[in-house]
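Input: a single structure, listed below in structure tokens.
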Amino acid sequence: MPLTVGIAGARVAAGLSRLVGAGGGTTVPGKVLSSLDPELLDRLAQRLPLGAALVSATNGKTTTAAMAAQILGPRVRLAHNASGANLLSGVTSSLLSAKSPELGLFEVDEAALPEIARRVRPRAVCLGNLFRDQLDRYGELEHVAEGWRSVVQGLDPAAALVVNGDDPQVGDLARERSGSIVFGLDDPRHAVPELLHAADSKWCLRCGRPYEYAAAYVGHLGAYRCPTCGHARPELGVAARGIELRGLDGVDFSLETRGETRPVRLAVPGLYNVYNALGAASLAIALGSKLDDVVAGLERFGAAFGRFERIPIGDKRLLVLLVKNPAGANEAVRTLVAGGPPKLAVLALNDAIADGRDVSWIWDVDWEPLLAGLERVVVTGERAAEMALRCKYGGFSAEAIEVVPQLGAALDRGLELSPTGGELVVLPTYTAMLGLRRIVADRGFVQPYWERAA
Amino acid sequence: MTIRVAHLYPEYLNIYADRGNIAVLSSRARWRGIGFEVEPISVGDELRPGEHDLLYIGGGQDREQALIAPDLAARGDAIRESVAGGVAVLAVCGGYQLLGRFYRGRDGVELPGAGLFPHETVAGARRMIGDCLLACELNPGTRQTLAGFENHAGVTRLDDGAEPLGRVAAGFGNDGESGFEGARVGSAVGTYLHGPLLPRNPWLADWLLARALEHRDGEAPELGPLPDGLEQAAHVVSAERAKSRGGRF
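If you read the sequences in order, they're chains A and B.
So the first sequence is residues 1075 to 1528, counted in this note's numbering.
So the second sequence is residues 48 to 296, counted in this note's numbering.
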């Protein structure tokens, strides 16, 4: 089939998908065409004059790729899967819908990375972190890590590798390839006093003894060293120092690389966004961006889709924080509490494939600092009762839990309980976030994501 | 009156929200005015039979399980002696596997087990992942259901005549074909269901608490009912999930 005919057909499929209300049409055309021509992605990627860059991580890949798009966007035309459709079909679709793209910038699902890397032959890969996530879908962490190692070993000789040195499993990949860019945090003032319950890579990759942390920043990310065999964080090539958290408004830090230093003021909060910014900065540097352009792009960045997104609704506002696994939810809780703990929250738990069918992860999240400040919680989604039990057995009064399974009704209840001018905190899983956005869009308060992302 | 609990290897075996099971046991004891003390037992720590009323062991990834398996296997006598003396046990997923005779991984490496449950586990080619519903009859004449989530590559075969925890109503169970799930030896139960298991199956939590109290005091207690509306609602959804999508590769 000629490529152009196929592309026209896929665009029709995307339009139909939107017409019938099946969603953004962000993966349908890719699915249609990939089933007809499995090597379509390979050929589309080969046509990119500046090649493709891939971003993967358990947490932060959407934000990291969106930050990189802010940096790179003014100078090159991008094909970028901004709405988070990060499987083979989503990447293919974003290539189909982009108008004469020069560079592909794709966030890629952790488990899909080996196949997509094999097909796309990227010129740069940015690997952020590996946390336990949707074990029902990905299997065990070690298997995902093995897949990533094979990706690194199979990269083209000229390709650039960017890794988060603060994650033992990910940082170790830098040793596979000389010239890798290693990024990480270097400001022990922001270390947590002890590893949280959900910390994953606590045991030395080489010898199995517990790592010692000079500083642990987010989950198991930090400056680690094995006292037995010496396996330790690699030397940082791109570092954040002098970090100043500005509550829910943002975070400042000093970006340091190759003897150069620039102050950066991010408009998104939390240490985890410093990691995202370092990943995006390192990737852009690997692709040839100047440091001043890197800083300008990072400072322009608002929020990625559903990630700390503020949506005005009449005289109130929603603050939407996507939660999808223990490490990410812990950081959302930490950031919320640091910014002044809310008195009311809506927790939305679904269990579709994209959320993880296994909802056990909610028990590995340290919700307690958030629950301690709440006077009332509205739980919603298909597994609302399960979330209610998490609150109840976390010590929260059962009388203060409202179970409202329907998302729209829960949103109404949350808004009703919020004061005028107030902000309603909503923590949804992925499909619950999509559902809530759809409801809000139907009411005319936010654009559907396929319009915004175009 | 206090229930003494030994939580085995909590820093290694905690992958599927095992602390949720502990939180349910602890809360349901305290709501009835019963104390609940948890002692973590890790590699090298002493476990003396009779000092605890309830043993808990959770699940881990292959790597973590391999790290603790030799230590656990060496405790086989202590654990069997405890159970023979009436100590209650809840073992979930990896912990359930390692309380059998052995676990043989995909790489052919065999981890020794503690030999409490009469079973052997060999890693299969495909993971058995999904919602799962069991029919149980731990007390003769009292039928109950357990709703949970299973995720295991291990195929566990019970010895002939061994007692399972329940019959699979929907899902894979021990091996995907026998119709058995879990194992029971006296007051010790093991299962692949995590999720965690106890919040949406409070009757099993209360059964374990009753067995632990029986061990402590020598007689079975009367545990009064608790308001379990949320628990029942969660059970219903989970059971429906198992019926509609459990047991499929």
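Even glycine gets a Cβ: it sits at the ideal position worked out from N, Cα and C.
Item: Distance between LEU1124 of chain A and ARG1192 of chain A (C-alpha atoms, nearest Å); Value: 17 Å
Item: Whether LEU1115 of chain A touches VAL1165 of chain A by CB criterion (8 Å); Value: yes
Item: Helix, strand or coil at ASN186 of chain B according to DSSP, with G and I counted as helix; Value: strand
Item: Alpha-carbon to alpha-carbon, ARG1332 of chain A and VAL1499 of chain A; Value: 40 Å
Item: Rounded distance between the beta-carbons of LEU205 of chain B and PHE227 of chain B, thought under 8 Å; Value: 6 Å
Item: Exposure label - ALA1472 of chain A; buried when at least 16 CB within 10 Å; Value: exposed
Item: Partner residues on chain B for SER1174 of chain A, Cβ-Cβ distance less than 9 Å; Value: Per Cβ cutoff of 9 Å: no residues; SER1174 of chain A is ~43 Å from chain B at best.
Item: Min CB distance TYR150 of chain B to chain A below 8 Å; Value: no
Item: Min CB distance GLN108 of chain B to chain A below 8 Å; Value: yes
Item: CB contact check: ALA1096 of chain A to chain B, cutoff 8 Å; Value: Note on ALA1096 of chain A: pLDDT 45, under 50, position unreliable in the model; the coordinate value appears next. No, ALA1096 of chain A does not count as interfacial toward chain B.
Item: Beta-carbon neighbours of LYS1466 of chain A, restricted to chain B and to distances below 7 Å; Value: LEU277
Item: Bridge partner(s) assigned by DSSP for CYS140 of chain B; Value: The partner list for CYS140 of chain B (beta bridge, DSSP) is empty, contrary to what the question assumes.
Item: Span of the beta strand (DSSP E) around ASP1326 of chain A; Value: 1324-1331
Item: Proximal residues, the segment 1214-1246 of chain A versus chain B, C-beta separation under 8 Å; Value: GLU1214, LEU1215 and GLU1216
Item: Beta bridge counterpart(s) of GLY220 of chain B as assigned by DSSP; Value: Paired residue(s): none; GLY220 of chain B is not in a bridge.
Item: Pair within 8 Å by beta-carbon distance, GLY1321 of chain A and GLY1228 of chain A; Value: no
Item: Closest Cα partner of PRO1301 of chain A within the set A:ARG1283, A:LEU1444 and A:GLY1311; Value: A:ARG1283
Item: Reduced DSSP category for ASN1238 of chain A - H, G, I as helix; E, B as strand; rest coil; Value: strand
Item: Residues near ALA1289 of chain A by beta carbon distance below 6 Å, same chain, minus five either side; Value: PRO1262, ALA1265, GLY1296 and ALA1297
Item: Endpoints, the beta strand (DSSP E) within which GLU1476 of chain A is located; Value: 1475-1477
Item: Own chain partners of ARG263 of chain B with C-beta closer than 6 Å, once the 5 adjacent residues on each side are dropped; Value: ASP100
Item: Neighbouring residues, chain B, relative to SER1434 of chain A (Cβ below 8 Å); Value: TYR63, ALA64, GLY67, PHE196, HIS241, GLY242 and PRO243
Item: 8 Å Cβ cutoff, LEU1463 of chain A in contact with chain B; Value: yes
Item: Chain A within 8 Å of ALA209 of chain B, Cβ atoms only; Value: no
Item: Buried or exposed (CB count within 10 angstroms, at least 16 for buried), SER1224 of chain A; Value: exposed
Item: Neighbourhood of ALA1426 of chain A by C-beta, 6 Å cutoff - its chain only, sequence neighbours within 5 removed; Value: THR1505
Item: Where MET1461 of chain A falls, given that 16 or more other Cβ within 10 Å makes a residue buried; Value: buried
Item: Three-pair Cβ contact test at 8 Å for the segment 102-109 of chain B versus the segment 60-68 of chain B; Value: yes
Item: Alpha carbon of ILE50 of chain B to alpha carbon of PHE83 of chain B, nearest angstrom; Value: 5 Å
Item: Any 3 or more C-beta pairs closer than 8 Å across the segment 147-161 of chain B and the segment 264-271 of chain B; Value: no
Item: Beta carbon proximity, TRP1441 of chain A to chain B, threshold 8 Å; Value: no
Item: Within 8 Å, strictly: CB atoms of ALA1401 of chain A and LEU1501 of chain A; Value: no
Item: Beta carbon proximity, GLU1460 of chain A to chain B, threshold 8 Å; Value: yes
Item: Beta-carbon gap between ALA1119 of chain A and ARG1195 of chain A smaller than 8 Å; Value: yes
Item: Sequence-distant residues of its chain with Cβ nearer than 7 Å to GLY213 of chain B (five each side left out); Value: LEU181, ALA182, CYS183, LEU193, GLU228 and GLY229
Item: Straight-line gap, LEU240 of chain B to PHE196 of chain B (C-alpha atoms, nearest Å); Value: 5 Å
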